[in-house]
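Asks: Under mature numbering (1 follows the signal peptide of the UniProt record, and there is no 0), the letters of the sequence shown match residues -22 to -1, 1 to 718, in that order.
The structure's right below; bear with me while I get my questions together.
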Amino acid sequence: MNPRRLGAIVLGATMLACAVWAGTLAPHDPAASMGLPWTPPGGQAPLGTDSAGRDVLSRLLAGGREITLTALAAALVAGLAGLAGGLAAGWSGDCRCGRLLSGLADLLLAVPFLLVAIVLAVALPVPAAVIAGTVFGGAPLGLRVIRDLVGHVRGAGYVEAARGRGERPAVILVREVLPSLAGAASADVILRFVLAIQLAAAFGMLGLDTGPSEPDWGLMLRENLPGAALNPWALIAPAMALTLLALTAVAVVPGPVRARSASRRGSRRGATSRATTADVGGPGATFAAEGLTVVDQAGRPIVTGLGLRADAGEVVALVGPSGGGKTTMVRAALDILGPGLRRETGTVTWQGTEVRASRRWRRAYVGMLDQDPAVTLNPLMRVGALVLEGNDRTPTEARALLRALGLDPGRIWNRRPRQLSGGQAQRVALARTLLGDPPLLILDEPTSGLDPAALDLVAKALERRRGDGRSVTLVISHDREFVGRVADRVVEIGASAAPRPVVAGTGARPEAFPVLAATRMSLSHGGVPLLGDGALAVHPGELVAIVGPSGSGKSTLLRTLAGLHAPDAGELSLRGRRLAWPLAERDQSSLQAVQLVTQDPAGALNPAHRVRTALSRPLRTFGLEGDVPDLLGRVGLDPALASRRPGELSGGQRQRVALARALAARPAVLLADEITSALDAATAAALVLLLAELRARGLAVLLVTHDHTIAAAADRVLDLHDQALTPRPPVRTEIDDRAR
């Protein structure tokens, strides 16, 4: 845990304990008079006396117990009410239950809160009024926040994987959704606690239902206001106690839970650079990072002694194996390492001046495209607002850039991120980064989800920056062909694996019944037709690749076959028997037989769970024997990664964990959506070899890919384009050159 976070929790717990139990340390009876009213500090009264001549210090120590316990009870009730309502509304979506709960929350928020609080204070005892007021004023807000978060999480890969295993909604909510929302739920409880403190103090200051001798911080404010000039400490002390209690509570509020935390942290494997700072650029480089060493919380080195230089007008590419430390090095130079990592040594210079990459400096000079760009897009904002966010450019310029990246502004300008394909979301995020024309542009895997046509457009956009004499561009990529097109120089980070060829298809023989077949299938998404009267079949041992332009519906097709998206028409069969389209209508054996690996590595794994939890769940659900280290080893990962969370893995590592989770179910059909997009060529080839071994045992694979070298390993290739699914002859190639 982050030391600052731990310190805030300890401070908050200490303050709560003091507020509740400090009364036992009171030097005098809080209700006993010691002398004249409002006597200044001195003698046996270090803070003087109050309006009735009682010891202010004793009343201060005893006055926090009731207000704190009442606030805690109110916060728990309000937080649980908001959490339960938000879970129900978010999971129900637009169903009657969701609309009813959302409407009730909106209605309660429309009623003046102050008026309700006064009525409650008059009608109920103060503790009950505080609890009721906190629920009334806080639970609707919590419901709306949790509802929106659940709606977003419901489409995450780890939730869809749980649905694909046939787990009940209640189980998914408890095991998957709640852990991922723990930060937001705890923050909501803490904020409700602050609201309850304010209510209790206000009621006490108004003197509602409180005996004159009972110590209470709010009552102390009311009683001692007239004597503030005689003994100001009688007023200052309880005010400071209330403020300190609220501030320490707010300090405990966790930071936002970021789905993109993994991309911020990069890999935790050690790496050394093949290129030293002396041989990767001239002495007058515009951007230079030297001697970068990153360590974790235990002081163990993650990357050691890395360096990089880039001159004005240069495009420098960083290549290397997945998990080699490329992203970590760049983020260390920018001082944006995630929690648990810190830069121990190293210097960064910009235009000849050493800089500490502060937020102000990054805002002025740096534009960065994250490794998982889709998760950086605010799901509540529309495309137009997202592209213009943080830029002083005009909508006309933004539309022109989107058009240059192969997107139709007229169609997507008012869409939200969830209405975009992976490739479209990636280009929207790239457009937002490019629009400001930053002096230092950093692109982390900018082509991982793009088809060849879109990749060409991105390359042209980068070529316009080459040689301009002002800007510097750093590109982190596994795509050596793309790097060769756009980069002036290539820096190798980490030791490259030996090149491995992609093997050709097994040439599986069609049997009497394909393992999975769809006929007369029509698909649409958001009212946009994607496929009309299509058909496909996959036989045991066969690898069928699906290619096509970004946004053509390839991912939607896999999600439909997996039971996560409803088709407009069509029939589906598994091993010759009719298979229902919706997941809810499939039996356990059918659920186990068809497994999906989603496109987004960042959303594929629950950020709250360790890798071993993600891999052991399908084993337990389907009653299978298996070993988590063995599953990791099969996909080329170190078994030691089982104890890590997704935020501690690179994008390629997360992608392979998601594949291992699907394979743990021992499916008959694997639906794989861009499972090699975040991998270097050698690792991607190793995965194809693994699939070849599994196909030899009968596994059928339906693979969506933009990589023609991966498609070349298929027995058949289907092209999804212009609402048609047509066969395309595979071209046999190898990726030896790309793997070198």
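Even for Gly, the Cβ is constructed at its ideal location relative to N, Cα and C.
Below 6 Å CB to CB, which residues in the same chain sit around G388 once its five sequence neighbours on both sides are set aside?
Replies: none
Asks: Rounded to whole angstroms, what is the Cα-Cα separation between D289 and R141?
Replies: 50 Å
Asks: Sorted by chain position, which residues of the same chain lie with C-beta nearer than 6 Å to R623's C-beta, five sequence neighbours on each side aside?
Replies: R588
Asks: For E459, which three-state DSSP category applies?
Replies: helix
Asks: Considering only C-alpha positions, which residue in the set R498, T687, V522 is nearest to S551?
Replies: R498
Asks: Would you grab the beta carbon distance between P395 and P357 for me? Rounded to a whole angstrom, and I think it's under 8 Å.
Replies: 5 Å
Asks: According to DSSP, is P395 helix, strand or coil?
Replies: helix
Asks: Is it buried or exposed for D370, if we count other Cβ within 10 angstroms and need 16 for buried?
Replies: It counts as exposed.
Asks: Where residue 729 and W211 are concerned, what is the direct C-alpha to C-alpha distance, given to the nearest angstrom?
Replies: For residue 729 there is no data in the structure shown, the boundaries of the chain being -22 and 718.
Asks: Exposed or buried, W(-2), counting other C-beta atoms within 10 Å across all chains shown (16 or more means buried)?
Replies: exposed
Asks: Output the distance between the C-alpha atoms of G531 and W391, rounded to the nearest integer angstrom.
Replies: 19 Å
Asks: So is T576 buried or exposed if we call it buried at 16+ other beta carbons inside 10 Å?
Replies: buried
Asks: Restricting to runs no shorter than 3 residues, where is the beta strand (DSSP E) found entirely within the segment 287 to 349?
Replies: 293 to 297, 319 to 328, 344 to 347
Asks: Counting only the same chain and skipping the five closest in sequence on each side, list residues whose C-beta sits under 6 Å from that of L380.
Replies: P387, A409
Asks: Are there 16 or more other CB atoms within 10 angstroms of the CB of M12, so buried, or fewer, so exposed?
Replies: buried
Asks: Can S621 and R590 be called in contact, C-beta distance under 8 Å?
Replies: yes
Asks: Look up L696 in the DSSP assignment and give the residues it is bridged to.
Replies: I524, P705
Asks: Determine the closest residue to G26 out of R122, V(-13), L213, with distance taken between C-alpha atoms.
Replies: Answer by Cα proximity: L213.
Asks: According to DSSP, which residues form a beta bridge with residue 763?
Replies: In this structure the chain extends from -22 to 718, so residue 763 is not present and cannot be described.
Asks: Are L508 and Q701 touching if we call contact CB-CB under 8 Å?
Replies: Yes, these two residues count as a Cβ contact at 8 Å.
Asks: Sort I280, L657, T17, A139 by Cα distance to V572 and report the nearest one.
Replies: A139
Asks: Can you have a look at S239 and say buried or exposed, based on whether 16 or more other CB atoms are within 10 angstroms of its CB?
Replies: At S239, the pLDDT of 35 sits below 50, so the modelled position is not reliable; the number obtained from the coordinates is stated separately. With 16 or more other Cβ atoms within 10 Å, it is buried.
Asks: Assuming E423 and A656 make a contact with CB atoms under 8 Å, what is their CB distance in whole Å?
Replies: 6 Å
Asks: Which whole-angstrom value describes the C-beta separation of D84 and G120, a residue pair presumed to lie in contact below a C-beta threshold of 8 Å?
Replies: The Cβ separation is near 14 Å, so there is no contact.
Asks: Restricting to Cα atoms, I'd like to know which of R706, G368, W559, L35 is closest to N209.
Replies: L35
Asks: For L14, count the other beta carbons within 10 Å of its own beta carbon; 16 or more makes it buried, fewer makes it exposed. Which is it?
Replies: With fewer than 16 other Cβ atoms within 10 Å, it is exposed.
Asks: Please name the residue in A311, M218, L703 whose C-alpha comes closest to that of G512.
Replies: L703
Asks: Based on the DSSP output, what are the partners of I454 in its beta bridges?
Replies: L296, D422
Asks: So for A(-10), helix, strand or coil by DSSP?
Replies: helix
Asks: As a quick exercise: from R320, V326, G277, pick the residue whose alpha carbon is nearest that of A266.
Replies: V326
Asks: By alpha-carbon positions, which one of R287, R278, G277 ends up nearest to G269?
Replies: Per the Cα distances, R287.
Asks: How should V480 be labelled, buried or exposed, when 16 other C-beta atoms within 10 angstroms of its C-beta is the threshold for buried?
Replies: Any reading at V480 must be qualified, since the residue scores a pLDDT of 49, below 50, and its modelled position is unreliable; the value itself is stated next. Classification for V480: buried.
Asks: Verify whether the separation of the beta carbon atoms of L619 and I454 is less than 8 Å.
Replies: For L619 and I454, no; Cβs fall outside 8 Å.
Asks: List the whole-angstrom C-beta distance separating D33 from N202, where the pair is believed to meet the contact cut-off of C-beta under 8 Å.
Replies: That belief does not hold up - the Cβ atoms of D33 and N202 are roughly 13 Å apart, past 8 Å.
Asks: As a quick exercise: from A311, P118, P417, D194, pick the residue whose alpha carbon is nearest that of L78.
Replies: P118
Asks: Which residues does DSSP pair with E201 in a beta bridge?
Replies: Looking at the DSSP assignment, E201 forms no beta bridge with any residue, so it has no partner.
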